[in-house]
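Heads up: the protein sequence lines correspond to chains A and B, in order.
Sequential numbering from 0 applies to the first sequence in numbering that gives the first Met the number 0.
Sequential numbering from 0 applies to the second sequence in numbering that gives the first Met the number 0.
Yeah, the Cβ is synthetic: ideal placement off N, Cα and C, and Gly gets one too.
None of these values were measured; they are calculated from a predicted model.
Structure first, commentary second.
2 protein chains.
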Amino acid sequence: MAQSDTVDRILDAAEELFADRGFAETSLRMITSRAKVNLAAVNYHFGSKKSLIQAVFARFLTPFSATAEAAFDDLEKSCNGKAPTLNQTLRALTESAVRMHQRSERGIAIFMRLLGLAYTQSQGHLRKFLEQEYSEPFSRFMGLLKEATPELSTVDRYWRIQFMLGATAFTMSSNEALRDILVNKMGVETSVQEIAARLVPFLAAGMQAKDPMLAPMPCDHESLAVL
Amino acid sequence: MAQSDTVDRILDAAEELFADRGFAETSLRMITSRAKVNLAAVNYHFGSKKSLIQAVFARFLTPFSATAEAAFDDLEKSCNGKAPTLNQTLRALTESAVRMHQRSERGIAIFMRLLGLAYTQSQGHLRKFLEQEYSEPFSRFMGLLKEATPELSTVDRYWRIQFMLGATAFTMSSNEALRDILVNKMGVETSVQEIAARLVPFLAAGMQAKDPMLAPMPCDHESLAVL
DNA sequence: ATACGTTTTAAACATACGTTTGAAAAATCA
DNA sequence: TGATTTTTCAAACGTATGTTTAAAACGTAT
């Protein structure tokens with residue numbers, strides 16, 4: 000083997016196992032045995048399990064945030080002066096994610112799953128790491144969302160962004176669990192690109208829903224939500 | 000003390016700790032020390048940690064599913080013959096959840112957080128347990144959703160339900176992580192009821208979004224999403 | 001009071017974890 | 001080549017986990 004691909008093999012194995020089972024449920028012995036490297040290799044190359052987790056994120060998050068920022072640049076340039084649409088902003092982000100992992104279909108799924116785990120599992124160190132390492136592209140995305148939804152109050156927008164992130168991360172992070180309980184054999188296999196294509200309109204519509212707190216709920220009134 | 004409140008004390012402590020830290024990250028020693036009972040009490044009363052996890056879910060899921068089914072009965076009765084609206088169905092569910100835990104504000108938050116963890120954390124036994132124990136009210140809810148969105152194809156509805164569950168579970172299951180990274184001090188404290196009130200219109204609008212796969216994306220076209 | 005089933009307790013169990021060690025092996029460079 | 005650094009390896013370390021044990025304490029009915 001060329002030089003030391005041990006590091007990459009560890010990252011590959013850790014990435015898949017973390018995505019499948021979570022951080023605490025994945026032991027270093029699982030990782031090293033799947034990667035076919037010695038147990039001590041993790042601590043030698045990464046220092047600790049925590050650092051390995053951060054390295055797994057850094058490996059795909061750094062190029063992704065670069066790609067996303069470039070996509071944001073293009074978007075702002077193409078809509079000269081005017082603020083990009085909500086749909087455009089969302090598409091720019093999802094297409095950046097898809098473009099990143101054009102090689103493997105599984106890559107983008109793992110990508111989303113890990114992002115979901117990052118928030119769900121209580122790994123304080125990971126949160127701090129992501130916060131101080133990728134706060135800039137994140138803030139940029141938030142700014143675009145703000146310009147695309149000027150009609151929303153700050154609080155409404157805050158919560159709806161939470162909802163968007165939730166729908167996205169959770170959908171991608173759900174292993175076969177939901178699939179099984181939802182339908183026993185529906186027989187339809189969907190690619191991640193298709194899921195993204197279905198997700199974006201859902202998110203955009205939810206983001207632009209009429210203000211809450213307005214409609215009372217007498218029976219057989221159709222909801223006030225548009226259409 | 001009356002009889003043996005040891006069981007309840009264990010359940011209380013486990014519920015909170017699981018909600019705060021997840022299943023794998025919560026040890027029996029944490030639970031028993033918070034509950035102020037002996038370590039062996041868990042295995043004596045529940046048999047194993049897995050059974051304890053299931054018992055925590057059963058304690059709130061059993062009465063909740065009964066309440067929800069009653070709410071569905073009322074809803075179908077009040078809209079005589081006609082299928083309940085999507086908004087009505089969602090409200091019936093969320094209000095059942097809120098009504099369950101009217102005593103403590105924290106109760107409903109823990110409730111949602113645990114549900115989120117149930118899907119997020121890969122506890123195979125939990126999935127099987129929930130599946131075979133609460134499949135009936137779940138299927139009933141699915142049927143109502145189907146009647147409320149007849150315009151959707153089965154596949155579209157399937158994915159949009161995933162999105163809804165995702166937004167809900169993820170929002171409720173996110174500890175302070177998202178809160179912190181999203182806004183550094185926004186100063187607004189929101190109750191779970193308010194979150195639910197904001198969430199329902201978002202979900203309903205997303206669920207009823209115009210069909211995807213229609214709009215191409217040339218620049219400065221406004222999205223085809225309604226409004 | 002005594003006997004009996006239930007519950008609690010302290011201690012130990014076996015196992016798995018992340019991490020460290022020190023020597024062997026490989027790679028790098030003089 | 002020989003010297004030196006980097007990487008691998010098997011083994012062990014200390015700690016924490018879930019679980020089990022056997023005796024003690026308790027409650028209750030005879």
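query	result
So, is the C-beta of B/A168 closer than 8 Å to a C-beta in chain A?	yes
Specify the secondary structure class of A/D43 as computed by DSSP and reduced to three states.	The sequence given here has Tyr at residue 43 of chain A, not Asp. Here A/Y43 sits in helix by DSSP.
Can you look up B/A208 in the DSSP assignment and give me helix, strand or coil?	coil
With a cut-off of 8 Å on the beta carbons, I'd call B/V41 and B/K49 a contact; round off their distance for me.	Their Cβ separation, rounded to whole angstroms, is 11 Å, which puts B/V41 and B/K49 out of contact at 8 Å.
What first and last residue would you give for the alpha helix (DSSP H) that runs through A/K35?	Segment: none, A/K35 is in no alpha helix (DSSP H) and carries neither H nor E.
Can you give the Cα-Cα distance for B/A108 and B/T170, rounded to whole angstroms?	10 Å
Against chain B, does A/A204 count as a neighbour if the rule is that its beta carbon must be under 8 Å from one of theirs?	yes
Tell me whether A/Y228 is buried or exposed, calling it buried when 16 or more other Cβ atoms sit within 10 Å of its Cβ.	The question about residue 228 of chain A has no answer, for chain A in this structure spans 0 to 226.
Name the residue from B/Q122, B/F140, B/Q53 and B/F63 whose alpha carbon lies nearest to the alpha carbon of B/T88.	B/F140
I think B/A228 touches B/S32, with their Cβ atoms under 8 Å apart; what is that distance to the nearest whole Å?	Lying outside 0 to 226, the shown extent of chain B, residue 228 of chain B is not represented and no answer is given.
Please name the residue in A/T93, A/R126 and A/A117 whose C-alpha comes closest to that of A/A195.	A/T93
Going by C-alpha to C-alpha distance, which of B/T66, B/A13, B/T5 and B/A18 sits closest to B/A117?	B/A18
For B/E29, which option in B/H44, B/Y43 and B/A12 has the closest C-alpha, if you only look at C-alpha atoms?	The residue asked about is misnamed: residue 29 of chain B is Met in this sequence, not Glu. Comparing Cα-Cα distances from B/M29 to each of B/H44, B/Y43 and B/A12, the minimum goes to B/A12.
Can you tell me which of the three DSSP states A/H124 falls into?	helix
Measure how close the beta-carbons of A/L144 and A/I160 come, nearest whole angstrom, since I'm counting them as under 8 Å.	6 Å
Name, going along the chain, the residues of the region 49-76 of chain A whose beta-carbon falls closer than 7 Å to a beta-carbon of chain B.	none
Going straight from the alpha carbon of B/V97 to that of B/Q53, what length do you get?	22 Å
From which residue to which residue does the alpha helix (DSSP H) around B/D73 run?	K48 to S77
Would DSSP call A/K81 helix, strand or coil?	coil
Along the region 17-30 of chain B, what residues have a CB closer than 8 Å to any CB found in chain A?	D19, R20, G21, A23 and E24
My output table needs one value for B/L181: the three-state DSSP class, helix, strand or coil.	Low confidence applies to B/L181: its pLDDT is 47, below 50, so where it sits in the model is not reliable, and the reading given next is rough at best. Of the three classes helix, strand and coil, the one that applies to B/L181 here is helix, per DSSP.
Contact between the region 202-209 of chain A and the region 192-207 of chain B: three or more CB pairs below 8 Å?	yes
With a threshold of 7 Å on Cβ separation, who are the neighbours of B/T5 within its own chain once the five nearest residues in sequence on each side are excluded?	V36, A40 and H44
Between A/A147 and A/A82, is the Cβ-Cβ spacing less than 8 Å?	yes
Given a cut-off of 8 Å, decide if B/A23 and A/E24 are closer than it, judged by their beta-carbon atoms.	yes
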